[in-house]
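Worksheet: the structure to be examined is printed underneath.
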Amino acid sequence: MTAAGMRMRPIRLGDVSYPYHYGHDCIDDILAALGEYDADRFLVVTDDNVLALHGEALLEGLRALAPVEVLSLPAGDGMKSLGHLAGHLERAVAAGATRRSVVIAFGGGVPGNLAGVLAALLYRGVRMVHVPTTTVAAMDSVISLKQAINSSRGKNHFGTYLTPQAVYLDVALLRTLPDKQLRSGLCEATKNCLAIAPHAIPAMRKLLADGDLTAPESLLWLLEESLAAKTGVTAKDAREQGSGLILEYGHTVGHAVELCDQKLRGAQGVSHGEAVMFGMLVAARIAAELGVLTADEVAVHDELARALGAPLTVPAGITVDEIMATVRSDNKRGYMTAGPDEAVMVLLRGFGEPLGSPDLPLVTVPLRLVEDVVSGLLPAAARLAEEVAA
Ligand SMILES: NC(=O)c1ccc[n+]([C@@H]2O[C@H](COP(=O)([O-])OP(=O)(O)OC[C@H]3O[C@@H](n4cnc5c(N)ncnc54)[C@H](O)[C@@H]3O)[C@@H](O)[C@H]2O)c1
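Shown next, in the form of structure tokens:
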């Protein structure tokens, strides 16, 4: 479906593709495009914050096109559960959804993932479009076919692949993001620079040091860099099970910290992007311990993490044991043979240069080494190291 006043970039993931339409102040263009779907009903999967902030901007125009069922829950990763998925599916059927209905994933990566699994299951698959409202969703999760919800033991344990019909982004919606959330997506964009597109590192350092991150031109530059970096990888590996695993840089310890902090502080805990940035600090130090990454390269990781306001130490209240318990059940273990005392991780031997093979950029790392590095980043240990260095 077209969106006249917006820019468009095709997203090619293996043998599927879909258009990514984006612009500034373009809700009317988005609504015009949605009108072309000939939907008998829209199922809007969102969260209560997004609904309160931007619901009317979308819903008023949407209701003029077809009946709308709003499936909203309190914000937070806890939404990505089997219980909430079942609740939404039952409500969709009770509301009269059919195979001609269209699911709109309206919000960040959390409602986006829940919407993706819902769209894949409802009548064995109905059409879905993304209308992302966070930087994480706009610059990362919608450029993926992966859709998953969490088990009680870990993140993204139940899921599937789903090709959306299209993505429609109005960067004006990102303006209401709290600073922490805005920067969360920029952590993922930074990951793309470090692991895939090192040519963009200088511009990223400059933007983070003295740029206006909410200016439309900054957001559009970040979006275009993210689209280029991510699709450069996923075009060859749509399922992110081979070369695309480079996108998991920072995610092994990052996911563990995100999950532990979520249990401790709920939605107030570290954001997904912040957790991934912290995971990259751990991965960089492990690579340095293994002698493949230089101290200067680790320092660039640190500079970017500091500029993004990401945690430089393990968030207070989380123990190394808790982190390691989740690292042990990380879902990358299935991609290669690893012993019971090893983790499977993405490590860099230089910016844009992963260890392992181009087709499988993963290596096994002794859990002991992961534990030592994480322990060295406990708040007290980090303070002590600074004092010794001073
Ligand atoms: N499928 C993938 O490939 C993929 C990739 C990256 C992340 N993810 C998933 O995405 C999730 C994280 O996404 P997220 O960071 O967008 O989280 P999120 O969806 O929870 O959004 C974060 C917070 O921002 C609020 N918010 C959303 N839009 C807003 C706006 N415009 N203004 C003000 N507040 C707004 C939300 O209500 C929420 O409180 C994780 O569950 C992660 O696993 C998936």
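The number in our numbering is simply the position in the sequence shown, starting from 1, with 3 added.
Even for Gly, the Cβ is constructed at its ideal location relative to N, Cα and C.
Here the structure is a predicted model, which means the values were calculated and not measured.
Every alpha helix (DSSP H) of 4 residues or more that sits fully in the segment 181 to 212 is shown, in chain order, as 182 to 198.
The beta carbon of residue 149 sits closer than 7 Å to the beta carbons of 162, 164 and 243 from its chain, once the five residues preceding and following it are set aside; these are given in chain order. Excluding residues up to 5 positions away in sequence, 156 and 157 lie with their Cβ nearer than 8 Å to the Cβ of residue 332 in the same chain.
Short of 7 Å from the beta carbon of residue 33, and not among the five residues preceding or following it, lie these beta carbons of its own chain, in chain order: 6, 134, 171 and 173. In the displayed model, residue 249 falls within a helix according to three-state DSSP. For the set 273, 381 and 194, the Cα lying nearest the Cα of residue 253 is the one of 194. When beta bridges are read from the DSSP output, residue 49 appears opposite 75. Pairwise C-beta distances place the segment 183 to 203 out of contact with the segment 63 to 72, as fewer than three of them are shorter than 8 Å.
Residue environment for residue 19: exposed (fewer than 16 other C-beta atoms within 10 angstroms of its C-beta). When the five nearest sequence neighbours on each side are left out, the beta carbons in the same chain lying within less than 8 Å of the beta carbon of residue 94 are those of 72 and 74, in order along the chain. Between the C-alpha atoms of residue 223 and residue 26 there is a straight-line separation of about 8 Å. In this structure, residue 226 keeps its C-beta atom at 8 Å or more from the C-beta atom of residue 311. The way I'd put it, the segment 59 to 66 doesn't touch the segment 86 to 93; fewer than three beta-carbon pairs between them come closer than 8 Å.
Boundaries of the beta strand (DSSP E) around residue 172: 169 to 173. For residue 265, the number of other beta carbons within 10 angstroms of its own is at least 16, and it is reported as buried. For the 8 Å CB-CB criterion, residue 79 and residue 269 form a contact. Put simply, the segment 231 to 241 does not touch the segment 337 to 347. Fewer than three CB pairs are less than 8 Å apart.
Taking 8 Å as the cut-off, the Cβ atoms of residue 146 and residue 120 do not count as close. Not one heavy atom of ligand 1 is found less than 7 Å from the C-beta of residue 240. Under the three-state reduction of DSSP output, residue 114 falls in the helix class.
Residue 104 counts as buried, since at least 16 other C-beta atoms from the protein chains shown sit within 10 angstroms of its C-beta. Spanning the alpha carbons of residue 37 and residue 276 requires a straight line of approximately 30 Å.
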